[in-house]
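Protein sequences appear in the order of chains X and Y.
Mind the numbering: the first sequence is residues 204 to 498 in this note's numbering, read in order.
Mind the numbering: the second sequence is residues 9 to 209 in this note's numbering, read in order.
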Amino acid sequence: MRPESKRPESKTTMPTPNILLSPITFTDALHDRAVRALLPNSLNSNQLMELDPAIRNRAAFSAKVDSTRHLTVLDNISSMIIDPEHNPDGSQRQPGQYMNEARARALLRAHLEQLGYEPAPGDEGTIKDLRSTRRIRLQIEMPVSFARNYGHAAQMNDPAILDEFPGQRLLPSYANEPRPDTFWSRRWKAAGLPGPFGSDYVALKSDPGWMRLGIFGNPYPPFYWGSRREVEAVERNLCEEYGLIQPAETPEPMPLPERPIQSTIPEAASETLMQAILAKFPDATFKDGVLTQLT
Amino acid sequence: MSLTVNIKLSRTQQELQRILQDNAGPVTPAESKVIGAGITRLTKRHLRARDNTHGHKYPEGGRRSHFWRKAAQSTTFTADADGITISVTHQGVRLRYAGAPDGIKPVNAKALAIPASGASYGRSPREFNDLRLVVFKNINRAALVQEAKEKGAPDKVLFWLVRKTKPIASDHTVLPESQDILAEAIHRLKTMRERKESNNV
Chain X
204 MRPESKRPES KTTMPTPNIL LSPITFTDAL HDRAVRALLP NSLNSNQLME
254 LDPAIRNRAA FSAKVDSTRH LTVLDNISSM IIDPEHNPDG SQRQPGQYMN
304 EARARALLRA HLEQLGYEPA PGDEGTIKDL RSTRRIRLQI EMPVSFARNY
354 GHAAQMNDPA ILDEFPGQRL LPSYANEPRP DTFWSRRWKA AGLPGPFGSD
404 YVALKSDPGW MRLGIFGNPY PPFYWGSRRE VEAVERNLCE EYGLIQPAET
454 PEPMPLPERP IQSTIPEAAS ETLMQAILAK FPDATFKDGV LTQLT
Chain Y
9 MSLTVNIKLS RTQQELQRIL QDNAGPVTPA ESKVIGAGIT RLTKRHLRAR
59 DNTHGHKYPE GGRRSHFWRK AAQSTTFTAD ADGITISVTH QGVRLRYAGA
109 PDGIKPVNAK ALAIPASGAS YGRSPREFND LRLVVFKNIN RAALVQEAKE
159 KGAPDKVLFW LVRKTKPIAS DHTVLPESQD ILAEAIHRLK TMRERKESNN
209 V
């Protein structure tokens, strides 16, 4: 990674920033959850990946979860982790009403027991088993990570910010057992992204290659199931040095998926989602509101 | 609960202009957004670096929760004509910053479960289905114990149960140093104004 320009040392007496303990909400991240409608389904993850990113980005789903009740619990828990200040109904969280990942996992497991869930024979303890620790972690971490990364990308897509930070860097993985570097360097090249510049994986935020880098079709992380590679904004001077942008050039925005505010009534939103799926897959089958087949 | 860094531009902009020897006028809303983005990046970097140096302390290992990475991911900002606000919205960050001088007491429960090993770190007792309550009268403590899976091996204490924790010290290194935050603000403003000037030449 290349060092960026040096900061001036501040030896003057400046008013110090105030550190506040007042509640603040990550509104842009919550927006990612607010536009999603529940999509109960009996499809596996490969079949769900056939759906357009535009449809997936408006749906709250998990492979082979056909219970609307369980999807609602999953959705509420994700929102409660993203917003530690409020309950899903908008009321202020009271002392003792915290939601962290450990509590979320315990609640999900308890809810599955309440529903009488049993995995299919042979699936016990695997990723297909909704009670398994691996599956529960994935079900909590992925939506929270999508929402926070979308929120950050949306904030950084402001024209004034893009002008100063037109680039984005893929950071090294922090997974306990990361995929090999060759896995990502191959994907980087196959996506048509520039460089890398030594070990520095930098491209303009507007580069459509970011959407091809991952499997979900989004220009922001996570890029893969369970991936722990994040991104960070890159300053203009380094992008110019790498030849990604010319000095007086106005940077293009990141092609973020549209997030129109839909109806907040779940039934109505689900209806819209169902119509979007049927428009793309006319042979798709819904049984009692559950997506059971695409083609 | 979230932790917030707030910079009131009305207080700082005169100083910023003096340092920059700048006659370009007050900080504009667009400039304050860029300063906010720069300080957000600084804060995220700081929290990611902290994640590299602050793993859990259990010698037998165990899965890491990457608390600070997730805190970095939860960092957000707002900026307007009055000021810039950067917040870390991950549950538990505020407690680590501000501490709890009187300790923590359980709410809606009789006791708090404190992880006693790498296997229970970052997990709730409800995630286990093989724990039993044991009271150690000799040390006057209660624990949730997991029965050994191998015959003859000792049972393992996974959680200590307490009615109140010890005082938790505040830790202001959770956030970047104030002078680093302000240096980033100055650097960002200076870069923007220099570029604007050179584009106008």
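For every residue, glycine included, the Cβ atom is placed at its ideal position computed from N, Cα and C.
- Looking at the DSSP output, X:Pro322 shares a beta bridge with no other residue.
- A Cβ-Cβ separation of about 6 angstroms places Y:Lys41 in contact with X:Ile364 under the 8 angstroms criterion.
- Residues of the stretch 97-127 of chain Y with a C-beta less than 7 angstroms from any C-beta of chain X: Thr97, Gln99, Gly100, Arg102, Ala106, Val115, Asn116, listed in chain order.
- Taking a cut-off of 8 angstroms on C-beta distances, the stretch 400-414 of chain X does not touch the stretch 328-344 of chain X, as fewer than three cross pairs fall below it.
- Within a 10 Å sphere around the beta-carbon of X:Trp391 sit 16 or more other beta-carbons, which makes this residue buried.
- Taking a C-beta distance under 8 angstroms as the contact criterion, X:Tyr301 and X:Tyr353 do not qualify as a contact pair.
- In chain order, Glu304, Ala305 make up the part of chain X whose C-beta sits under 8 angstroms from the C-beta of Y:Gly130.
- For a Cβ distance threshold of 9 angstroms, nothing in chain Y lies close to X:Pro399: the least Cβ distance comes to about 20 angstroms.
- If the five residues before and after Y:Val182 are omitted, its C-beta is found closer than 6 angstroms to the C-beta atoms of Arg104, Tyr105, all from its own chain and listed in chain order.
- Straight-line spacing of the CA atoms in X:Ala451 and Y:Asn207 works out to 7 angstroms.
- The beta-bridge partner set that DSSP reports for X:Asn244 consists of X:Leu494.
- When the Cα atoms are used, X:Val437 and Y:Leu50 turn out to be separated by approximately 12 angstroms.
- Not a single C-beta of chain X is nearer than 8 angstroms to the C-beta of Y:Ala57.
- In the DSSP assignment, the residues bridged to Y:Pro123 are Y:Phe167.
- Taking the Cβ atoms as the reference, X:Ser265 lies roughly 6 angstroms from X:Gln342, within the contact range of under 8 angstroms.
- Assignment of Y:Ile94 by DSSP, reduced to helix, strand and coil, places it in the strand class.
- Counting only the Cα atoms, Y:His180 lies some 31 angstroms from X:Arg439.
- Within 7 angstroms of the CB of Y:Phe167, no CB atom of chain X is found; the nearest one sits about 11 angstroms away.
- Contact annotation, Y:Pro175 with Y:Pro109: C-beta distance approximately 5 angstroms; criterion of less than 8 angstroms satisfied.
- The C-beta separation of X:Pro256 from X:Pro460 comes to about 6 angstroms, placing the pair in contact by the 8 angstroms criterion.
- Put simply, of X:His355, X:Gly325, X:Ser270, X:Arg259 the residue whose alpha carbon is nearest the alpha carbon of Y:Thr86 is X:His355.
- Under the 10 Å beta carbon count, X:Leu224 is surrounded by fewer than 16 other beta carbons and is classified as exposed.
- For X:Pro298, the nearest CB of chain Y lies under 8 angstroms from its own CB, placing it at the interface with that chain.
- A direct Cα-Cα distance of roughly 48 angstroms separates Y:Gly44 from X:Thr488.
- For X:Ile343, the uninterrupted alpha helix (DSSP H) run begins and ends at 336-358, by DSSP.
- Chain-order list of chain Y residues neighbouring X:Ser348: Lys78, Gln81, by C-beta distance under 9 angstroms.
- X:Thr230: member of the alpha helix (DSSP H) spanning 230-237, first to last residue.
- In this structure, the straight-line span from the alpha carbon of Y:Glu68 to that of X:Val268 is close to 36 angstroms.
- A distance below 8 angstroms separates the beta carbons of X:Ala240 and X:Arg261.
- Ranking Y:Gln154, Y:Thr83, Y:Lys198 by CA distance to the CA of Y:Ser128 puts Y:Gln154 first.
- Contact between X:Arg312 and X:Asp278 does not hold, since the beta-carbon distance rounds to 17 angstroms and is not under 8 angstroms.
- The C-beta distance from X:Ser409 to X:Pro456 rounds to 6 angstroms, short enough to fall under 8 angstroms.
- Its Cα nearest to that of X:Gly319, the residue X:Ser270 stands out among X:Leu497, X:Gln358, X:Ser270.
- Put simply, the stretch 184-199 of chain Y does not touch the stretch 157-175 of chain Y. Fewer than three CB pairs are less than 8 angstroms apart.
- DSSP places Y:Leu141 in the uninterrupted beta strand (DSSP E) bounded by 139-144.
- Contact check for Y:Thr83 and Y:Thr48: beta-carbon distance about 6 angstroms, within the 8 angstroms limit, so the pair qualifies.
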